[in-house]
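Here is the structure we will look at.
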Amino acid sequence: MSGDDISGAGRSRRGGEQGAGSRWSWGWRRLGVRGAELIPQTRMSGPMPWVIAIMVAMTAIALAAGLALGNAISSARAEIEGGVTIQVIEPRDDIRAREAAAAVEAIKRLPHVAGLRQVPQAELDALIEPWLGTGIAAATGAAIPVPSLIDVRLKGPATPQQLGAIEQAIARVAPSAKVDAQSTWLKPVFDAMVSLQVLSISLVVLLAGALAAAVLLAARSALGANRDVIEIVHLLGGTDTQVARVFQRSIGYDAAGGGTVGLALAMVVILSLGRRFASLGAGLVDSGALVWSDWLLLALVPLLSTLLAMLTARLTVLHALRKML
Amino acid sequence: MIADGEIVHFDNVGLRYGTEREVLSDLTFTLFAGRFYFLTGASGAGKTSLLRLLYLAQRPSRGAIRMFGTDAITLPRSRLPGLRRRIGVVFQDFRLIPHLSAFDNVALPLRVAGHQERDIGGPVRDILEWVGLSDKMDARPATLSGGEQQRVAIARAVIARPAILVADEPTGNVDSEMALKLLRLFEMLNRQGTTVVVATHDLDLLRKVPDSLIMRLDRGRLADPTGALRYPPRRPS
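As structure tokens, this is what we get:
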């Protein structure tokens, strides 16, 4: 290099400060050539990725539970929301059969009824068979007077007005009949399931808050540990946004790595629990199976966690830097 | 009013840390483009504090500072980086980034200024070669001697061709041969139009740059033995 030729940088400059600003982000990403980084990177060797992994795993499991409960509630609601059960409670067989037939005829004509089915006697016998066995009539000379059941399906959800119309329609022809909306007696179950779903969603929100808090603490700690570096970068003309971008990227890597591990852990748990519940063979549980859109949402958990972590880091760092000159 | 060629103007500037007495008092002076200034004074006279004000690491407790025609006191934080990119700083304690190589430390101002990577390698290698560290490009600061670290710090300060170069005891950790070489580098930059301010207590150094102007600090107050602080400044003989 000749005497005056120390300004290779000056020669290689392109454009003025305006142009330099627009190229900044590219240059910042390449801040450390040959793998060097402005802020030392710990990657998976530090605690942060593992904290994020645990958060993401718990979030995904809570979300999966919420989604499964939601599916079970929707599915059961759709099935029983418009369902009405009519019980003809008459001890004498002949009157019971006559009233049931008359009730069927009366209900059929109602405009809001989509369909109905009188449950055959054989089905009723099968229902009580596990408790009372078979051959009661033969053994005792009289059959147990099991109420006749009419399963009515309405065009929409059962409302008090519709139930009233049904009661009114059968009151004269089947005085011993009792009308129940299926949703009424399942309401406590639904309420409990909705409460669990709200709990799951609350957990997801709380975990997101905990993740943001963990990132905030990590960003503050990293800021403290790298205060000298930040001051040097500032004195060399670095902006707050540029410094924040370095931290944001560092946390982003941690969150992406941790999130991937966390999702993998959550998948193991969700699939394992899903298999166990499926083996129960219970209708309500089966209807809570996750659908493809649920799996997509679960897959988004690490991505959203990464974005949340990066945003938190950025805001934390920008806020802290405002206190520096 | 901005004087012709003015690059920095201090007007009745004072600086105190906390509630202590002022470490700098009543500083009123102007630095002009293309001049070479030495800032001298005994230890504790306030040289480093004055330099910190010059490279915008600190705002004064009172008074006004104008840099490059801009009021540096009321300037919003968002506009400080633009001014700082025009100032090269050689810190007394080098302040190299410990986990970056010599190459990356020197390249930092260019990267901060947004230069493309392909435009960085050549100049950085050139300047490291010039300061005699071409074989230490990949070395981390901790593996370099004090003198080598000083040279990396100087290379970092001048790589982006600042309008003003502020150096705090830049030759304090190098041998006399390297000190002279670095001084020649500063002179060369000065000849290219860069205003140079070197804080030193080495009076021999002052004699080696005959055209330089001297600012002497004494217990936080400025003396003006060479007329450096007058406008128009006395022409060097």
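So the sequences go chain by chain: A and B. Mind the numbering: the first sequence is residues 178 to 502 in my numbering, read in order. Mind the numbering: the second sequence is residues 3 to 239 in my numbering, read in order. Just so you know, even glycine gets a beta-carbon here, dropped at the ideal spot from N, CA and C.
How would you label residue i, buried or exposed, when you count the other beta carbons within 10 angstroms and need 16 or more for buried?
i        : result
B:Ile129 : buried
B:Thr30  : exposed
A:Val381 : buried
A:Asp417 : buried
A:Thr311 : exposed
B:Arg193 : exposed
A:Pro288 : exposed
B:Gly124 : exposed
B:Lys138 : buried
A:Gln121 : Since the first residue shown for chain A is 178 and the last is 502, residue 121 of chain A is missing from the structure and cannot be characterised.
A:Ser456 : exposed
A:Ile343 : buried
A:Gly415 : buried
A:Ala255 : exposed
A:Ala280 : buried
Determine whether the beta carbon atoms of residue i and residue j lie at a separation below 7 Å.
i        : j        : result
B:Pro172 : B:Pro143 : no
A:Ala354 : A:Ile263 : yes
B:Leu1   : B:Val15  : In the structure displayed, chain B extends from 3 to 239; residue 1 of chain B sits before or after that span and is not available.
A:Leu293 : A:Ile327 : yes
B:Phe40  : B:Ile156 : no
B:Gly148 : B:Asn107 : no
B:Val114 : A:Leu413 : yes
A:Pro479 : A:Leu440 : yes
B:Val168 : B:Arg153 : no
A:Val323 : A:Leu301 : yes
A:Gly435 : A:Ile229 : yes
A:Gly259 : A:Leu363 : no
A:Val265 : A:Ala351 : yes
Thinking just about the alpha-carbon of each residue, which of the options is nearest to the one in residue i?
i        : options                                : result
B:Tyr57  : B:Thr202, B:Ile89, B:Leu110, B:Arg221  : B:Ile89
A:Gln419 : B:Leu110, B:Gln151, B:Ser178           : B:Leu110
A:Leu474 : A:Ala399, A:Ala245, A:Arg422           : A:Ala245
A:Ala369 : A:Gly243, A:Leu301, A:Leu498, A:Val228 : A:Gly243
A:Val392 : A:Gln425, A:Asn403, A:Pro365           : A:Gln425
B:Arg64  : B:Asp140, B:Ser136, B:Leu26            : B:Leu26
A:Pro226 : A:Ile321, A:Val375, A:Ser482, A:Asp270 : A:Ser482
A:Asp405 : B:Glu24, B:Asp28, B:Asp95, B:Thr72     : B:Asp95
A:Ala241 : A:Thr489, A:Leu495, A:Leu467           : A:Leu467
B:Pro83  : A:Ile409, A:Lys364, A:Gly435           : A:Ile409
A:Thr129 : A:Val438, A:Ala389, A:Ala335           : Within the shown structure, residues of chain A are numbered from 178 to 502, placing residue 129 of chain A beyond reach of any answer.
B:Ala201 : B:Asp6, B:Ala35, B:Arg54               : B:Arg54
B:Arg158 : B:Leu208, B:Phe93, B:Ser178            : B:Phe93
B:Gly222 : B:Arg18, B:Ala47, B:Ala35              : B:Ala47
A:Ala387 : A:Ser398, A:Ala497, A:Leu485           : A:Leu485
B:Glu24  : B:Leu208, B:Pro62, B:Ala141            : B:Pro62
Under the three-state reduction of DSSP, which class applies to residue i: helix, strand or coil?
i        : result
B:Leu58  : coil
A:Arg426 : helix
B:Phe31  : strand
B:Thr42  : strand
B:His11  : strand
A:Ala213 : Residue placement at A:Ala213 cannot be trusted, given a pLDDT of 47 that sits under 50; the coordinates are not used to answer.
A:Val228 : helix
A:Arg456 : Correcting the residue identity first, residue 456 of chain A is Ser in this sequence and not Arg. It is coil, neither helix nor strand.
B:Met217 : strand
B:Val168 : strand
B:Asp106 : helix
B:Val25  : coil
A:Asp357 : strand
B:Val126 : helix
A:Gln298 : helix
B:Ile67  : strand
A:Gln264 : strand
B:Ser147 : coil
B:Asp6   : coil
B:Leu224 : strand
From residue i to residue j, what distance separates their C-alpha atoms?
i        : j        : result
B:Phe12  : B:Val160 : 24 Å
A:Arg269 : A:Ala249 : 40 Å
B:Gly1   : B:Phe70  : Beyond the ends of chain B as shown, which are 3 and 239, falls residue 1 of chain B; an answer cannot be given.
A:Ala278 : A:Gln359 : 21 Å
A:Ala118 : B:Leu135 : Given that chain A is displayed from residue 178 to residue 502, the structure contains no residue 118 of chain A and the question cannot be resolved.
A:Val233 : A:Ala385 : 9 Å
A:Met487 : A:Ala395 : 12 Å
B:Leu187 : B:Val211 : 12 Å
A:Ser199 : A:Gly247 : A caution first: A:Ser199 carries a pLDDT of 30, below 50, which makes its placement in the model too unreliable to give a value.
A:Ser325 : A:Trp472 : 44 Å
A:Ala303 : A:Ala237 : 43 Å
A:His411 : B:Arg86  : 8 Å
B:Ser80  : A:Asp431 : 29 Å
B:Val199 : A:Leu498 : 29 Å
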